[in-house]
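So in the working numbering, the last spot in the sequence shown is 462, and the numbers never skip. Single-structure report; data block below.
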Amino acid sequence: MFNGKSILITGGTGSFGKKYTKTILARYKPKRLIILSRDELKQFEMQQEFNDPCMRYFIGDVRDAGRMMEAMNGVDYVIHAAALKQVPAAEYNPMECIKTNVHGAENIIRAAIANKVEKVIALSTDKAASPNNLYGATKLCSDKLFVAANNMTGGGQTRFAVVRYGNVVGSRGSVVPFFKKLVEDGADALPITHPDMTRFWITLQQGVDFVLKNFERMQGGEIFVPKIPSVRLMDLATAYGNGLPVKEIGIRPGEKMHEIMCPSDDSHLTLEFADHYVMRPTIKFYAADYDYSVNPLGEKGEPVAAGFEYHSGSNPDFLNVEQILEFEQQA
């Protein structure tokens, strides 16, 4: 569905954007693949790797409504990956996080509708479910904006959906490269926040493939959640610590012990499919009445039990130390 189409990736110079670009160029022949970000150095470096004739590089910030209007001229599909994502940084700089994650989402929505973009998928996070930190709260707000945007189109063609998943193996700023660097630099211990902490775990390629598939599945208004394994922080330290002891440093500002992707309060909205969940919108759309239990690919979902919660600590699928190392090879 991407052959001959124009695709825009916001935050396109990040880990996800690079993997998405590599995958799109390997599998499809897009008309244009537009990388939008605010960092000229990262764009220059990315151009050295990805210089296909279809590539376009736009300097711009999602906070800039006018630039978003220009960037989406003639665009068919948008992947909104731009965000301020560091939990402690958001706690200390809340207004900056709100400007990018909330006001930026509004700018993307308005520009997409004005330019008659066909489909928009916004990337979310497990921290947006029952949030207890500023980052998670801004992403929940963003998710709500993108879902409700399906009601703002006035019967137009633009459709919006959200993809929510957990921690990405090896992404910038994540724990795996942090542990590896400490070992490389000769550290005498690995700092961990809490030995009982758990996280959902996904590779970049799995995340990219899930987003690609959901462009085919989406009708508008869904929050898509993949079924993925969990990991224990202590097992990560064992896998990557090269035998180093651990030093408990305490939970950082805004961090949770465990993450949730489908909260129990939304169990009445949640459908279970073979390899993913769909959270239906809480509101009815003016111009459409979708049956989310069957998607355009013919996949069928069933309602989950009342009170169901998709929780990293109670997830039936946990990776052990050996599986963690094998899992990384898929990234």
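Ideal Cβ placement from N, Cα and C applies to all residues, glycine included. Predicted model, so just to flag it, every value in this text is computed and none were measured.
Put residue i into one of helix, strand or coil per three-state DSSP.
i      : result
Tyr371 : helix
Arg348 : helix
Ile252 : strand
Cys393 : strand
Glu440 : coil
Met177 : helix
Tyr208 : strand
Phe277 : helix
His234 : helix
Met186 : strand
Pro326 : coil
Val435 : coil
Tyr408 : strand
Thr269 : helix
Assuming residue i contacts residue j under a Cβ cut-off of 8 Å, what Cβ separation, rounded to an integer in Å, is found between them?
i      : j      : result
Tyr266 : Ala221 : 4 Å
Ser273 : Val233 : 6 Å
Ile190 : Glu171 : 6 Å
Phe439 : Ser361 : In fact, because the Cβ distance is near 16 Å, the residues do not count as touching under 8 Å.
Asp327 : Met392 : Not really, about 19 Å apart at Cβ, beyond 8 Å.
Where residue i and residue j are concerned, what is the direct C-alpha to C-alpha distance, given to the nearest angstrom?
i      : j      : result
Glu417 : Gly143 : Note on identity: in this sequence residue 417 is Tyr, with Glu being the wrong assignment. Roughly 33 Å between the two C-alpha positions.
Val314 : Gly148 : 28 Å
Asn298 : Ile240 : 25 Å
Gln461 : Ile244 : 37 Å
Ala157 : Asp340 : 13 Å
Arg445 : Trp332 : At residue 445 the sequence reads Ser, which differs from the Arg that was named. About 14 Å.
Asp366 : Asn451 : 7 Å
Phe309 : Thr284 : 43 Å
Ala279 : Phe291 : 9 Å
Val251 : Ile210 : 6 Å
Ser305 : Gly145 : 13 Å
Leu335 : Asn345 : 15 Å
Pro320 : Lys378 : Note that residue 320 is Ala in the sequence shown here, rather than Pro. If you take the alpha carbons of Ala320 and Lys378, they lie about 6 Å apart.
Thr329 : Pro447 : 13 Å
Asp420 : Leu276 : 19 Å
Ala368 : His442 : 21 Å
Gly301 : Leu343 : 20 Å
Pro322 : Lys162 : 47 Å
Phe181 : Ser168 : 15 Å
Asn134 : Ile382 : 46 Å
Glu390 : Asp257 : 6 Å
Ala236 : Gly374 : 44 Å
Asn264 : Lys230 : 16 Å
Gln545 : Arg363 : The structure shown has nothing for residue 545, since the chain only spans 132 to 462.
Gln337 : Lys415 : 31 Å
Glu201 : His325 : 46 Å
Determine, using beta carbons only, whether residue i and residue j come nearer to each other than 7 Å.
i      : j      : result
Ala253 : Pro394 : no
Val193 : Thr141 : yes
Ser137 : Val206 : yes
Glu347 : Leu428 : yes
Lys311 : Tyr371 : yes
Ser255 : Arg295 : yes
Asn204 : Asn246 : yes
Cβ contact (3+ pairs, closer than 8 Å) linking the region 169-189 and the region 138-155: yes
Any 3 or more C-beta pairs closer than 8 Å across the region 351-360 and the region 389-409: yes
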